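In my numbering, the protein residues as written are 268 to 473.
Just so it is clear, CB atoms sit at the ideal spot from N, CA and C, and this is done for glycine as well.
Bear in mind the structure is a predicted one, so any value in this text is a computation, not a measurement.
Inspection log for the structure reproduced underneath, given as structure tokens.
Written out as structure tokens, the structure reads:
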């Protein structure tokens, strides 16, 4: 089962930041504990790489380079069961509910995330850094010149209503050199909640 999860989640990607032994130990421990799929998904989507995550869970994000479009596409497939890649550029020409706004709504949860390397003694460690997000802008390749905006929204769901913060007050830990930022409102944590709470029809983790 752990091998199945490894291939499903990481598709034989190279172990760039998290050793395979550490990753497999995490999956084996999860399966032996009979950890539910929704709990595993929540851990993978909210991990940042600290030791108390557990750290291995962050591999899902940082061994994809924390690249927002790649993470969006793979969360769409693995968690929501939809290959949304073509919807990055336009609504699906044949399927009514494969919409560009769904892709970019999902993208908005990860758009402000990035890989963060922090010097720790004589070593450098990689973390996932989440910053306060903005609305995602997009336009269809078939209709040039018309810009659209969306805030974060799970596939097939409504846009998330986020708390308002005065500019400059969005963080518990503001971005700084060699420091992991911590926004007061975590879009990733909200997506993990929406994807695993049983309220989203598309999510395989509900």
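Per DSSP, residue 381 forms a beta bridge with which residues?
In DSSP, residue 381 forms a bridge with 396.
With three or more C-beta pairs closer than 8 Å as the rule, is the stretch 385-403 touching the stretch 356-365?
No: the two stretches stay apart, fewer than three of their Cβ pairs being nearer than 8 Å.
Quick check on the burial criterion: 16 or more other C-beta atoms within 10 angstroms. Buried or exposed for residue 450?
Buried, since its Cβ has 16 or more Cβ neighbours within 10 Å.
Which of the three DSSP states is assigned to residue 405 in this structure?
Here residue 405 sits in strand by DSSP.
Which full runs of the alpha helix (DSSP H) of 4+ residues lie inside the stretch 438-466, going along the chain?
The qualifying runs are 454-463.
Three or more C-beta pairs closer than 8 Å, one from the stretch 291-310 and one from the stretch 323-334: is that the case here?
Yes: the two stretches touch, three or more of their Cβ pairs being nearer than 8 Å.
Find out if the Cβ-Cβ distance for the pair residue 345, residue 446 is shorter than 9 Å.
No, Cβ-Cβ distance for residue 345 and residue 446 is not below 9 Å.
Leaving out five residues before and five after residue 330 in sequence, what residues of the same chain have Cβ atoms less than 8 Å from its Cβ?
277, 280, 281, 282, 283, 284, 285, listed in sequence order.
Where do the N-terminal and C-terminal ends of the alpha helix (DSSP H) with residue 357 fall, by residue?
That residue, residue 357, is in no alpha helix (DSSP H); it is neither H nor E in DSSP.
Could you spell out where the alpha helix (DSSP H) holding residue 366 opens and where it closes?
That residue, residue 366, is in no alpha helix (DSSP H); it is neither H nor E in DSSP.
Using the C-alpha atoms, what's the distance from residue 435 back to residue 443?
Rounded to the nearest angstrom, the two C-alpha atoms are 13 Å apart.
Indicate whether the contact test is met: 3 or more Cβ pairs, each with one atom in the stretch 336-351 and one in the stretch 455-471, closer than 8 Å.
Judged by Cβ distances under 8 Å, the stretch 336-351 makes contact with the stretch 455-471, as three or more pairs qualify.
Leaving aside the five residues before and after residue 384 along the sequence, list all residues of the same chain whose C-beta is less than 6 Å from its C-beta, in chain order.
For residue 384, where only same-chain residues beyond five positions count, the Cβ hits under 6 Å are 391, 393.
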